[in-house]
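A.B. asks: In order, the protein sequence lines correspond to chains A and B. Under our numbering, the residues of the first sequence are numbered 1 to 315, in order. Under our numbering, the residues of the second sequence are numbered 316 to 595, in order.
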Amino acid sequence: MIRRLSTSPSARVSKRTSQSPLPIRIWQAKWLYLALLIPVAILLIFEWLPAFSALYNSLYIWNGGKVHFYVGLEHYERMLSDRTFRVAITNLIGFVFFRVVMQTVLPFFAAEMIVNLRSARWSYWWKIIFVFPMVVPQILNYLIWRFIYNPQVGLLNEGLKLIGLEQYAYAWLADPHTVMWALAFVRFPWLPTLQFLIILGGLQTIPQEVHESAAIDGAGFWRRLFYIDIPMTRRQITLAMILTMLFMTQRFDLFLVMTDGGPGYSSMVPALQLYQSAFHFLEFGYASAIGVVLFVAMLALTIINLRVSAGANRE
Amino acid sequence: MSLRSSRRIRLGNRDLPFQLVLIAFGIVTFFPLVLVVITSLKSNTQFYHNFWLPELPFRFGNYSSAFRIIWRFIVNSVIYSGATICLIAAIASVTGYVFARFRFPFKTVLFLGFITLIMVPGVLTLAPRFVLVRDLGLVNTPGALISVWVSGGLVLSTWLMRSYFESLPQELFDAAYVDGAAERQVFVYVSLPLARPMIATVAMTTLISTWNDLIWPLVTITNKDLMPLAQGLMQFSSDFETDWGTLFAGYVISSIPLLCVFAVAMRQFISGLTSGSIKA
Numbered sequence: 001m002i003r004r005l006s007t008s009p010s011a012r013v014s015k016r017t018s019q020s021p022l023p024i025r026i027w028q029a030k031w032l033y034l035a036l037l038i039p040v041a042i043l044l045i046f047e048w049l050p051a052f053s054a055l056y057n058s059l060y061i062w063n064g065g066k067v068h069f070y071v072g073l074e075h076y077e078r079m080l081s082d083r084t085f086r087v088a089i090t091n092l093i094g095f096v097f098f099r100v101v102m103q104t105v106l107p108f109f110a111a112e113m114i115v116n117l118r119s120a121r122w123s124y125w126w127k128i129i130f131v132f133p134m135v136v137p138q139i140l141n142y143l144i145w146r147f148i149y150n151p152q153v154g155l156l157n158e159g160l161k162l163i164g165l166e167q168y169a170y171a172w173l174a175d176p177h178t179v180m181w182a183l184a185f186v187r188f189p190w191l192p193t194l195q196f197l198i199i200l201g202g203l204q205t206i207p208q209e210v211h212e213s214a215a216i217d218g219a220g221f222w223r224r225l226f227y228i229d230i231p232m233t234r235r236q237i238t239l240a241m242i243l244t245m246l247f248m249t250q251r252f253d254l255f256l257v258m259t260d261g262g263p264g265y266s267s268m269v270p271a272l273q274l275y276q277s278a279f280h281f282l283e284f285g286y287a288s289a290i291g292v293v294l295f296v297a298m299l300a301l302t303i304i305n306l307r308v309s310a311g312a313n314r315e
Numbered sequence: 316m317s318l319r320s321s322r323r324i325r326l327g328n329r330d331l332p333f334q335l336v337l338i339a340f341g342i343v344t345f346f347p348l349v350l351v352v353i354t355s356l357k358s359n360t361q362f363y364h365n366f367w368l369p370e371l372p373f374r375f376g377n378y379s380s381a382f383r384i385i386w387r388f389i390v391n392s393v394i395y396s397g398a399t400i401c402l403i404a405a406i407a408s409v410t411g412y413v414f415a416r417f418r419f420p421f422k423t424v425l426f427l428g429f430i431t432l433i434m435v436p437g438v439l440t441l442a443p444r445f446v447l448v449r450d451l452g453l454v455n456t457p458g459a460l461i462s463v464w465v466s467g468g469l470v471l472s473t474w475l476m477r478s479y480f481e482s483l484p485q486e487l488f489d490a491a492y493v494d495g496a497a498e499r500q501v502f503v504y505v506s507l508p509l510a511r512p513m514i515a516t517v518a519m520t521t522l523i524s525t526w527n528d529l530i531w532p533l534v535t536i537t538n539k540d541l542m543p544l545a546q547g548l549m550q551f552s553s554d555f556e557t558d559w560g561t562l563f564a565g566y567v568i569s570s571i572p573l574l575c576v577f578a579v580a581m582r583q584f585i586s587g588l589t590s591g592s593i594k595a
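#1: Answer yes or no: do L117/A and D330/B have a C-beta to C-beta separation smaller than 8 Å?
#2: Can the beta-carbon of V257/A be found less than 8 Å from the beta-carbon of I93/A?
#3: For L509/B, which residues from the same chain have a beta carbon less than 7 Å from its beta carbon, with the 5 sequence-adjacent residues on both sides left out?
#4: Spatial neighbours of S267/A within its chain, please: C-beta separation below 7 Å, excluding the five flanking residues on both sides.
#5: Sort T516/B, V534/B, L402/B by Cα distance to V454/B and report the nearest one.
#6: Looking at C-alpha atoms only, which residue of L73/A, F108/A, L59/A is the closest neighbour of T233/A?
#7: Report the residues of the stretch 403 to 426 of chain B with a CB closer than 9 Å to any CB of chain A, ordered along the chain.
#8: Residues in its own chain within less than 6 Å of N391/B by CB, not counting five upstream and five downstream?
#9: Assign R86/A to one of two classes, buried (16 or more other C-beta atoms within 10 Å of its C-beta) or exposed (fewer than that).
#10: Would you list the residues sitting across from Y70/A in a DSSP beta bridge?
#11: CB L55/A to CB G72/A, shorter than 8 Å?
#12: Nearest chain B C-beta to L37/A closer than 8 Å, yes or no?
#13: If T473/B sits next to A580/B, beta carbons under 8 Å apart, how far is it from one beta carbon to the other, in whole angstroms?
#14: Can you have a look at N365/B and say buried or exposed, based on whether 16 or more other CB atoms are within 10 angstroms of its CB?
#15: Less than 7 Å between the CB of E481/B and some heavy atom of the ligand GDP, yes or no?
#16: For W190/A, which residues in chain B fall below 8 Å Cβ to Cβ?
#17: Is the shortest distance between the beta-carbon of R25/A and the beta-carbons of chain B less than 8 Å?
#18: L191/A: which of S288/A, I290/A, V100/A, V296/A sits nearest, CA to CA?
#19: Do we get a CB-CB distance below 8 Å when we pair T561/B with the residues of chain A?
#20: Using only alpha-carbon positions, find the residue among V115/A, F97/A, N141/A that is nearest to H211/A.
#21: Count the C-beta pairs between the stretch 523 to 534 of chain B and the stretch 457 to 475 of chain B that are closer than 8 Å, then say yes if the count reaches three, no if not.
#22: Please return the same chain residues whose Cβ sits closer than 8 Å to the Cβ of I237/A, not counting the five positions on each side in sequence.
#23: Using the beta-carbon count (16 or more within 10 Å), is P357/B buried or exposed?
#24: Are R78/A and Y286/A closer than 8 Å when you measure CB to CB?
#25: For W222/A, which option in F46/A, N63/A, E112/A, P50/A has the closest C-alpha, if you only look at C-alpha atoms?
#26: What are the residues in the stretch 248 to 261 of chain A lying within 9 Å of chain B by C-beta distance?
#27: Determine the burial state of W145/A: buried for a count of at least 16 other Cβ atoms within 10 Å of its Cβ, exposed for fewer.
#28: Grouping DSSP H, G and I as helix and E and B as strand, with all else coil, what is A381/B?
#29: Under 9 Å between beta-carbons, which chain C residues line up against G428/B? List them in chain order, please.
#30: Leaving out five residues on either side along the sequence, give the residues of the same chain with a beta carbon under 6 Å from the beta carbon of S277/A.
#31: Using 8 Å for Cβ pairs, my map puts S355/B next to V567/B. What's the rounded Cβ distance?
#32: Please state whether the Cβ-Cβ distance between F130/A and L439/B is less than 8 Å.
#33: Do the stretch 407 to 423 of chain B and the stretch 374 to 386 of chain B make contact, defined as three or more Cβ pairs closer than 8 Å?
#34: Within a Cβ cutoff of 7 Å, which residues of the same chain sit near T193/A, ignoring the five residues on either side of it in sequence?
#35: Exposed or buried, which one is K539/B when buried takes at least 16 other CB atoms within 10 Å?
#36: Starting from Q19/A, follow the alpha helix (DSSP H) in both directions and report where the run begins and ends.
What follows is the structure in structure tokens.
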């Protein structure tokens, strides 16, 4: 993503460039600096300052107020032996893996079906239909799925009753063994809007001629899927996967609303543990350390993902 | 024989198999939503008695009692998100223009100062940012939400605006300069009108992310009268936990604002994101 940016057409330069000495050039650009003053100030205060504060305070015991003393890497050592954190990391890895697969395969197939339609009017309406769930406020996804999993009057258990499988009705969110699976399927048939539209955009840009010549060569649906459509949308698929990964690693409102990490801490994820450490236990230092670990992990995963896809593109 | 008939079907209506899959998928997608609407028109007795089907009489009273609570959250959210969108659109278009059209000392450093923030996740800054906002005395004020939402949205928006201004042809600007336009006039009368689709995209992404943000209000707002919609709904759902009709009526009402926005802007939104320009 970032690399593309630097190779985009270099900035066109206005007539005002000059070779004068630096102080003069700075003086000439005074209005530009003035224009940048507000955004730079905002980002320094509300982005850079907290980011460095997190790095710095991950080395301190800090209650967010007066209690503040240096403990070095103790928080990071604690993480290694923290059972909750270990469960949280394991949960997160499984969850992210599952969601990345689900939220790439599902939108890809829906988009593939839509692109395959001859009728332009229908394909337009299907796009709208599948984007529609995004008008529902995000939190309602979770609240509605909490209703679906409700043990007494939930949609899932009522449905099982309806088709005569009453013995499988279950308190899905209350059992440590089923809770992560239940959470993984939250929002299940609804497509992730952004990922869906990105992949759809990729499929739409494949020129018609490519498909026509493939059809003449006798390629059926599956062959075309694996030899044309997937390879030609590799960029969009990669982007969709990275986005899902980054969203899922740092968003914890799903867990907060549905289970609050429970039962016990069996549905804990690191971001939720960070939240609880800071705002329930006032351990801002430990919370910052968890944040730093998540940040490094996300950075590493993004770089690896971009490298792999760049390598595959070069082949 | 069988080969021939199958071919005839394919030639006759090639769309049919895809349509069938899509229809099945569409039904699964909308089923929970339809059930929510059905349940929102029932009393609790009706709901427990008949889970699946609508039942007369419809209890429209559920909607008025839900609206009495939800409306304030919606108004709050409209104000907060509206203010955030205006600020971001104004700041990001100026900043993007400066970065796209001028060369000046330290430009690269400053731009990197913007762009590297894309890699800094909100979860890293959550706790220290709360302390900062608390120490600034913003807790339980709209400023706590708007300031942080503006700074969070500014990074991507500036990048989008810069890319857009860079893509405008130089001849356009030359023509304006030749006609004697000052830089300020070029910006206001040439660049901004052309950038309208990109400003709309920025507004839309900002709207969705602020409208749905739950965590930040949860840590900075405790006053019920100031809660935005997402947080208000969480409160509402625990207050009306067992009153299913009212609860789901509230859910339906709270989906209407974005529904209206999308009824107007859906086409641009979809074509903007599927234009194929988005690549990794």
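Don't be surprised by glycine CBs; every beta carbon is placed ideally from N, CA and C. Every value quoted in this text rests on a predicted model; they were computed, and no experiment measured them.
C.D. replies: In short, the structure shows the following:
#1: Start at 1 with the first residue of the first sequence, and residue 117/A comes out as number 117. Start at 1 with the first residue of the second sequence, and residue 330/B comes out as number 15. The answer is yes: Cβ separation under 8 Å.
#2: Counting from one through the first sequence, the residue named residue 257/A turns up at place 257. Counting from one through the first sequence, the residue named residue 93/A turns up at place 93. It is not a contact, given that the beta carbons lie outside the stated cut-off.
#3: By one-based count along the second sequence, residue 509/B stands at place 194. These residues qualify, in order along the chain: L483.
#4: For the purposes of this step, residue 267/A is taken as residue 267 along the first sequence, with counting starting at 1. N91, V179, M180, L183, F255, T259, G261, listed in sequence order.
#5: The residue given as residue 454/B occupies position 139 in the second sequence. Closest by alpha carbon: V534/B.
#6: For the purposes of this step, residue 233/A is identified with residue 233 of the first sequence, where counting begins at 1. For the residues L73/A, F108/A, L59/A, the minimum Cα distance to T233/A belongs to F108/A.
#7: I406, A407, V409, T410, Y412, V413, F414, A415, R416, F417, R418, F419, P420, F421, K422, L425
#8: In the second sequence, counting from the first residue as 1, residue 391/B sits at position 76. Closer than 6 Å at the Cβ level, and outside the excluded window around N391/B, lie P543.
#9: For the purposes of this step, residue 86/A is identified with residue 86 of the first sequence, where counting begins at 1. The residue in question, R86/A, is exposed, as its Cβ has fewer than 16 Cβ neighbours within 10 Å.
#10: As a first step, residue 70/A is located in the first sequence; it is residue number 70 there, counting from the start. Paired residues: Y60/A.
#11: For the purposes of this step, residue 55/A is taken as residue 55 along the first sequence, with counting starting at 1. For the purposes of this step, residue 72/A is taken as residue 72 along the first sequence, with counting starting at 1. No; because the gap between Cβ atoms is not below 8 Å, this pair is not in contact.
#12: On the first sequence, position 37 is the one that residue 37/A refers to. With 8 Å as the cut-off, L37/A does not count as an interface residue toward chain B.
#13: Position 158 of the second sequence, counting from 1, holds the residue named residue 473/B. Position 265 of the second sequence, counting from 1, holds the residue named residue 580/B. Rounded, the Cβ-Cβ distance is 22 Å, inconsistent with contact.
#14: The sequence position of residue 365/B within the second sequence is 50, counting from 1. Burial call: exposed.
#15: What this structure holds is no ligand at all, so the ligand GDP is not there to describe.
#16: Within the first sequence, numbered from 1, the residue matching residue 190/A stands at position 190. Going along chain B in sequence order, the residues near W190/A (Cβ under 8 Å) are T344.
#17: Locating residue 25/A in the first sequence gives position 25, where the first residue counts as 1. With 8 Å as the cut-off, R25/A counts as an interface residue toward chain B.
#18: Along the first sequence, read from residue 1 onward, the residue named residue 191/A stands at position 191. The residue with the shortest Cα to Cα distance from L191/A is V100/A.
#19: Position 246 of the second sequence holds residue 561/B. Output row for T561/B: interface = no.
#20: The residue given as residue 211/A occupies position 211 in the first sequence. Out of V115/A, F97/A, N141/A, V115/A has the C-alpha closest to the C-alpha of H211/A.
#21: yes
#22: Translated into positions along the first sequence, residue 237/A becomes position 237. T104, F108, I199, G202, I230.
#23: The residue you call residue 357/B lines up with position 42 of the second sequence. Inspection of the sequence shows that residue 357/B is occupied by Lys rather than by Pro. Per the 10 Å Cβ criterion, buried.
#24: Numbered from 1 along the first sequence, position 78 holds the residue referred to as residue 78/A. Numbered from 1 along the first sequence, position 286 holds the residue referred to as residue 286/A. Going by C-beta atoms, R78/A is nearer than 8 Å to Y286/A.
#25: Sequence index remark: in the first sequence, residue 222/A carries index 222 (1-based). Closest by alpha carbon: E112/A.
#26: T249, Q250, R251, F252, D253, L256, V257
#27: For this step, residue 145/A is matched to residue 145 along the first sequence. Buried, because 16 or more other Cβ atoms sit within 10 Å of the Cβ of W145/A.
#28: Numbered from 1 along the second sequence, position 66 holds the residue referred to as residue 381/B. Helix, per DSSP.
#29: Looking at the structure shown, chain C is missing, and the protein chains on hand are A and B.
#30: For the purposes of this step, residue 277/A is identified with residue 277 of the first sequence, where counting begins at 1. Answer for S277/A: E283, Y286, A287, listed in chain order.
#31: For the purposes of this step, residue 355/B is identified with residue 40 of the second sequence, where counting begins at 1. For the purposes of this step, residue 567/B is identified with residue 252 of the second sequence, where counting begins at 1. Their Cβ separation, rounded to whole angstroms, is 5 Å, which keeps S355/B and V567/B in contact under 8 Å.
#32: Taking the first sequence and counting its residues from 1, one reaches residue 130/A at position 130. Taking the second sequence and counting its residues from 1, one reaches residue 439/B at position 124. Their beta carbons are not under 8 Å apart, which means F130/A does not touch L439/B by this criterion.
#33: no
#34: Reading the first sequence from its first residue, position 193 is the one you call residue 193/A. Only V131, M134 meet the Cβ criterion.
#35: Within the second sequence, the letter at position 224 stands for residue 539/B. Looking at its Cβ environment, which holds fewer than 16 other Cβ atoms inside 10 Å, K539/B is exposed.
#36: Walking along the first sequence from the start, residue 19/A turns up at place 19. Careful: Q19/A lies outside any alpha helix (DSSP H) and carries neither H nor E.
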